[in-house]
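For reference, the structure discussed in these notes is given below.
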Amino acid sequence: MLILTCPYCGVSGEETEFHAGGEAHLKRFGPGSSDADFESYLFHRENPKGVHFERWRHVSGCGKWFHAARCTTTLEVFGTYTAQTSEPPQSIKDAITAKRPGWTWRDFA
Amino acid sequence: MVVGQIFDRSITNRARRAMKGIRRMSMKRYSVFAIAREAARYHSGWERAWKSPQPKKRYDAIIIGAGGHGLATAYYLGKNHGITNVAILEKGWLGGGNTGRNTTIIRSNYLQDPSAAIYEKARSLYETMSQDLNMNVMFSPRGVIMLAQTEHEVRGYERTAHANALQGVKTEFIGPERVKELVPIINIDGPRYPVLGGLWQARGGTARHDAVAWGYARACSAMGMDIIQQCEVTGVRRDGGKVVGVDTTKGAIECNKLGVVVAGHSGVISEMAGFRLPIESVALQALVSEPIKPCMDVVVMANTVHGYMSQSDKGEMVIGGGTDGFNNYTQRGSFHHVEETVRALIETFPIISRLKMLRQWGGIVDVTGDRSPIISKTPVDGMFINCGWGTGGFKAIPGSGWAMAEMIAKGEPGALAAEFGMDRFVEGRFIDESVAAGVAH
Ligand SMILES: Cc1cc2nc3c(=O)[nH]c(=O)nc-3n(C[C@H](O)[C@H](O)[C@H](O)COP(=O)(O)OP(=O)(O)OC[C@H]3O[C@@H](n4cnc5c(N)ncnc54)[C@H](O)[C@@H]3O)c2cc1C
Ligand SMILES: [Zn+2]
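Protein chains in written order, with the UniProt record's numbering: chain A, 1 to 109; chain B, 1 to 441.
Encoded structure:
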């Protein structure tokens, strides 16, 4: 069972209280972009076996969108953070490094 | 005394068998005579169904993944194209991925033409698979009903029935009385979602999933191919944009052509080769009940309420539902999905409300944006990929292997595979089955 803590209202709940919103920090491409960039933005996903950054919504709570850093092989949650950022904050990166030494942040999409 | 006799007999037999194995590479045929012969000698003479060789230095073609799709690809490379210098590399045991975890529903009542073509090709190959592979895969064309439980679904399935008629796939839309006749244990009156009819495919059904993998593996091994288990691919070797081999936990192996058929792990391999896929890996679960007397001899899928059920030969009710919502590689799913699935099915089949569930398990399925598979060339020359079968690829195994083998052998996709290239996501040329089937097993 996946337990997440909403960074906005502070409530911890199991996954049925939340809704998964897919990979986070995608670079958005729209009209005027190349076909390849647009395709990448819409469809290509990192889908990693390991550290994953993703969007969640606290649907049965405050309703806010937020970010989570999670391991897809253990379901361990490294931390959750605000949606108003295009990169995880240093504290989250440090929390991941402490548990997954050698891990590096990459620019996505 | 008796024990001693069996013991002696098995020692001499083992020795004889070892000698034979060295002298003769071809496999023994399974038949009623073989069963009688073995029964008369305490079943001491059955050979191993496939060899377990060490990898050679080089192969014409390497297939990554010994699931149904990978093994079928290798089989048709040999059978249809005469390419037998082939290795199939498997990180675990063959058939231990989704092929050994699915609920074995076979049907070809898809909406879009390219889907109907490849799924019907596969379904028709299932009809003769036991004979073709000399392995009883227990194909049971008992019929599959997809229930229509909303007006929208009625219209959707009527449309599919018309599309199937044009595609040459035999299905029909049936009314609620016919559904009740076929499935006496069903509650067609609701309360929430009354059964308004159903899409019926009389030659759909189930097969024994393990036997499909074992049958292909045995046939591949008999053609001289190497199935190498406990051998994980850890890198894809390239030279000037062309694939030249793979790194594995058993060392580097060279190849001219590489076929990637790893389902939920497709993204892991594509990253090794430097490209991304329009795929996300999520958990899909299934469960079985305690065995009960025969009560339902067709497969029933209820897509609006997200649940489906069939009865195994052992009497267990085999149950499945929808996927989890988030990326996952753990091969176990969330409990609330089990609860949702069972809750929905109890409304439709009140008889199961007191059944105990025995086992639950999960597999990691590879889901694409349009819920259709990818059978495609890749940005790396000589490297081909077959993935994206998601929640519903067991039924496709023979057709998919057929199409993938053709593409690997010729370097270009044939008619069956052509529409399933990954370039469809650039062009927006989707094969949209997500609307056609809420649950696509
Ligand atoms: C619970 C459940 C129910 C389902 N129900 C149905 C159904 O009723 N009908 C239906 O048609 N489909 C169903 N499916 C879908 C079906 O199981 C899959 O689409 C199909 O089995 C995929 O086969 P495959 O050979 O592509 O993958 P798999 O059988 O998963 O084989 C891939 C293999 O690749 C190996 N591999 C991965 N990475 C590496 C590596 N780096 N090196 C070496 N080997 C590697 C894996 O170990 C695995 O054995 C269901 C799936 C699940 C999980
Ligand atoms: Zn909240």
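For glycine and all other residues, C-beta sits at the position ideal for the given N, C-alpha and C.
{"Check": "Can you list, in chain order, the stretches of the alpha helix (DSSP H) that have 4 or more residues and sit fully within the stretch 25 to 105 of chain B?", "Outcome": "32 to 40 and 68 to 81"}
{"Check": "With respect to the beta strand (DSSP E) encompassing B/Y308, which residues constitute its N-terminal and C-terminal limits?", "Outcome": "G307 to Q311"}
{"Check": "Looking only at DSSP bridge pairs, what is A/A98 linked to?", "Outcome": "Its beta-bridge partners do not exist; DSSP assigns none."}
{"Check": "Distance cutoff 8 Å, beta carbons only. Does B/R429 sit that close to anything in chain A?", "Outcome": "no"}
{"Check": "If I measure Cβ to Cβ from A/Y8 and keep anything under 6 Å in the same chain, skipping five residues before and after, which residues do I get?", "Outcome": "C62 and K64"}
{"Check": "Only counting the same chain, and skipping five residues up and downstream in sequence, which positions put a Cβ closer than 7 Å to that of B/K180?", "Outcome": "I186 and I188"}
{"Check": "Could you tell me if the beta carbon of B/W389 falls within a distance shorter than 7 Å of some heavy atom in ligand 1?", "Outcome": "yes"}
{"Check": "Let me see if you follow: with CB-CB separation under 8 Å, is A/R45 close to chain B or not?", "Outcome": "yes"}
{"Check": "Can you name the residues of chain B whose CB is closer than 9 Å to the CB of A/T73?", "Outcome": "N328, Y329 and T330"}
{"Check": "Measuring only between beta-carbons, confirm whether A/H58 sits less than 8 Å from chain B.", "Outcome": "no"}
{"Check": "Restricting to runs no shorter than 3 residues, where is the beta strand (DSSP E) found entirely within the stretch 359 to 396 of chain B?", "Outcome": "374 to 377 and 383 to 387"}
{"Check": "Note down, in chain order, all residues in the stretch 271 to 282 of chain B with a beta-carbon under 8 Å from any beta-carbon belonging to chain A.", "Outcome": "E271, R276, L277, P278, I279, E280 and S281"}
{"Check": "Just to confirm the assignment, what range does the alpha helix (DSSP H) spanning B/T348 have?", "Outcome": "F335 to T348"}
{"Check": "Under the criterion of a Cβ to heavy atom distance below 7 Å, does B/N102 qualify as lining ligand 1?", "Outcome": "yes"}
{"Check": "Any idea if B/P398 is buried or exposed, counting beta-carbon neighbours within 10 angstroms, 16 or more meaning buried?", "Outcome": "buried"}
{"Check": "So B/I374 and B/G388 are in contact, right, with Cβ under 8 Å, and what is the actual spacing, rounded?", "Outcome": "4 Å"}
{"Check": "Identify every residue that forms a DSSP beta bridge with B/I186.", "Outcome": "In the DSSP output, where bridge partners are listed per residue, B/I186 has none listed."}
{"Check": "Comparing alpha-carbon positions, which option in B/S124, B/T99, B/T103 and B/G95 lies nearest B/N109?", "Outcome": "B/S124"}
{"Check": "Taking its Cβ as the centre, do 16 or more other Cβ atoms sit within 10 Å of B/K91, making it buried, or is it exposed?", "Outcome": "buried"}
{"Check": "So which residues of chain A does B/F335 contact, with C-beta pairs closer than 8 Å?", "Outcome": "M1"}
{"Check": "How about A/A20: is its C-beta nearer than 8 Å to some C-beta of chain B?", "Outcome": "yes"}
{"Check": "May I have the straight-line CA-CA distance separating B/M25 from A/G102, to the nearest angstrom?", "Outcome": "Since pLDDT at B/M25 reaches only 47, below the 50 mark, its modelled position is unreliable, and no value is offered."}
{"Check": "Using a Cβ-Cβ distance cut-off of 8 Å, determine whether A/T104 contacts chain B.", "Outcome": "no"}
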